Amino acid sequence: MLAALKEHPSARPLAGPSGLRDIDLWLAAAGDRAAMRRILIAVQALVTPYCQARIGSQWSVTSPQDVAQDVCFAVMAAVGSYRAQARPFLAFVYRVAAFKVREARRGAASDRSTPVEEVETTHDELSNSMAQLLTVLPDAQREILILRLVVGLTPDEIGDALGMTQGAVRVAQHRALTRLRTIMAANRS
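The opening residue of the sequence shown carries number 130 in our numbering; numbering runs sequentially from there.
Dropping the structure here:
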């Protein structure tokens with residue numbers, strides 16, 4: 130049966146740079162360990178930079194790697210039931226990641242008992258400045274910039290992940306970058 134699945138015409142690549150194919154999801158749901166391993170590796174490669182961009186060093190309670198690991202666990206636990214979902218797998222993965230990031234931020238905001246070290250580094254300052262700058266953007270534009278510039282997805286892949294057309298993604302990206310340029314120019318003056 131597994132051989133028949135591998136030859137099935139729907140063993141097409143899934144959207145995104147993951148290298149996964151529909152067949153990997155089916156095989157993983159059927160218990161194929163190699164397919165599960167491929168999915169785990171691909172999901173981890175996609176969500177780690179996303180979590181690093183969304184959390185950075187500003188949330189001291191949990192690290193981006195911990196959140197990425199939580200995303201991987203959640204996605205792997207849901208692989209068997211994913212086929213019932215109406216959205217593309219990449220969109221599913223990023224929705225899980227967005228939820229886990231929000232959850233981590235809420236946890237960080239409510240836990241004030243963790244001492245923060247006074248360490249100054251140029252990289253951390255730059256990351257914090259960029260994170261602060263991105264807060265002026267609406268959520269959708271911020272998400273698009275992170276997926277495009279940090280994760281490296283194409284407008285087509287972002288559209289699939291967020292349920293938008295490629296044109297809408299490009300317009301939102303352009304508006305977000307224009308707004309950031311305007312703010313940065315005003316700050317320089």
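C-beta: ideal position from N, C-alpha, C; glycine also.
Owing to the predicted nature of the structure, the values given are computational and were not obtained by experimental measurement.
- Exposure of alanine 315 is indicated by the presence of fewer than 16 other C-beta atoms within 10 angstroms of its C-beta.
- CA-CA distance, alanine 305 to leucine 219, rounds to 23 Å.
- A Cβ-Cβ contact shorter than 8 Å links isoleucine 168 with valine 208.
- Taking the C-beta atoms as reference points, threonine 177 is found no nearer than 8 Å to alanine 203.
- Taking 8 Å as the cut-off, the Cβ atoms of cysteine 180 and proline 193 count as close.
- Just measuring C-alpha positions, the residue of Asp195, Met313 and Gly236 sitting nearest leucine 263 is Met313.
- Around the CB of glycine 281, fewer than 16 other CB atoms lie within 10 Å, so the residue is classed as exposed.
- By the neighbour-count criterion, in which a residue is buried when 16 or more other Cβ atoms sit within 10 angstroms of its Cβ, arginine 317 is exposed.
- At least 8 Å separates the beta-carbon of isoleucine 275 from that of valine 298.
- If you look at glycine 292, you'll find it isn't in any alpha helix (DSSP H); DSSP assigns it neither H nor E.
- The alpha-carbon of arginine 183 is positioned some 7 Å away from that of valine 230.
- Here threonine 191 is buried. Its C-beta has 16 or more other C-beta atoms within 10 Å.
- Annotation: alanine 159 is outside any alpha helix (DSSP H) and is labelled neither H nor E by DSSP.
- Under the three-state reduction of DSSP, arginine 150 is assigned to strand.
- In the three-state reduction of the DSSP assignment, arginine 216 falls in the coil class, being assigned neither a helical nor a strand state.
- Listed in chain order, the non-local C-beta contacts of aspartate 285 below 6 Å within the same chain comprise Gln295, local neighbours out to five positions each way being set aside.
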